[in-house]
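So the structure is just underneath, and the comments pick up after that.
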Amino acid sequence: CPGFAHRATKDIIWGGQCIPAGATVYGCHWAIGRDPIAFPDPDRFNPQRWLDPNGQLRTDIRFYAFGFGRRSCPGLHVANRSLYINLALFLWSFRIMERPDAPIDVNGFTDAIISRAPPFEAEFVPRMEEKKLRDIMGGGIL
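Quick look at the structure:
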């Protein structure tokens, strides 16, 4: 479970359990992201879970990859916007598909302190010829 440890500064009763003063507490992102109360059917790939019935981004669920509380990552907005721009360009430039001869294990993860998906192979098919792509992008960044 990534994140920083926190220390209880006083005795706290949480969910009927006592967390004594001085106890070290971790927020386990892996468990939070797979809570079936917050995320029904958490192990199923379902990007629509983040959209409301009108197709707008839901505001009643949270994404904890950058932590939570006072110690959340101060760069989360820069990171999110950078990822959005780069992912949009990437998806605009390529069709990305699972390779038929190398299926992706959607339930797999590494067994480590900071867990991640296992390596996988994908097929990247350019949506247009390289020269045309370079011309459109201004020829300077690709």
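Residues in the sequence shown are numbered consecutively from 1, following the working numbering. A virtual CB, placed ideally from N, CA and C, is assigned to each residue, including glycine. As the structure is a prediction and not an experimental result, all values here were calculated from the model.
Beta-carbon contacts of residue i that lie in its chain and below 8 Å, excluding the five residues immediately before and after
i, result
"Phe94", "Phe124, Val125, Pro126 and Arg127"
"Asp43", "Arg34, Val106 and Asn107"
Residue from the options with nearest C-alpha to residue i
i, options, result
"Asn36", "Arg49, Val25, Thr24 and Lys131", "Note on residue identity: the sequence assigns Pro, not Asn, to residue 36. Pro36 has its Cα closest to that of Arg49, out of Arg49, Val25, Thr24 and Lys131."
"Met137", "Ala112, Phe90 and Pro103", "Phe90"
"His29", "Ile114, Ala23, Pro119 and Leu51", "Ile114"
"Glu121", "Lys132, Pro103, Ala79 and Val25", "Pro103"
Residue range of the alpha helix (DSSP H) that includes residue i
i, result
"Val78", "Leu76 to Ser93"
"Trp14", "Trp14 -> not in any alpha helix (DSSP H); beta strand (DSSP E) instead, spanning Ile12 to Trp14."
"Arg134", "Glu130 to Ile136"
N-terminal and C-terminal residue of the beta strand (DSSP E) that residue i is part of
i, result
"Ala122", "Ala122 to Pro126"
"Ile32", "Run containing Ile32: none in the beta strand (DSSP E); it sits in the alpha helix (DSSP H), His29 to Ile32."
"Ile19", "Gln17 to Ile19"
Contacting residues, own chain, Cβ-Cβ under 6 Å from residue i (five flanking each side not counted)
i, result
"Ala38", "none"
"Pro20", "Asp11"
"Met97", "Glu123"
Residue(s) in a DSSP beta bridge with residue i
i, result
"Leu51", "Leu57"
"Glu146", "With the chain represented from 1 up to 142, any question about residue 146 goes unanswered, as that position is not in the structure."
"Arg62", "In DSSP, Arg62 forms no bridge with anything."
"Arg7", "Thr24"
7 Å Cβ shell around residue i - same chain, five flanking residues per side excluded
i, result
"Cys18", "Asp11"
"Thr110", "Arg116 and Pro118"
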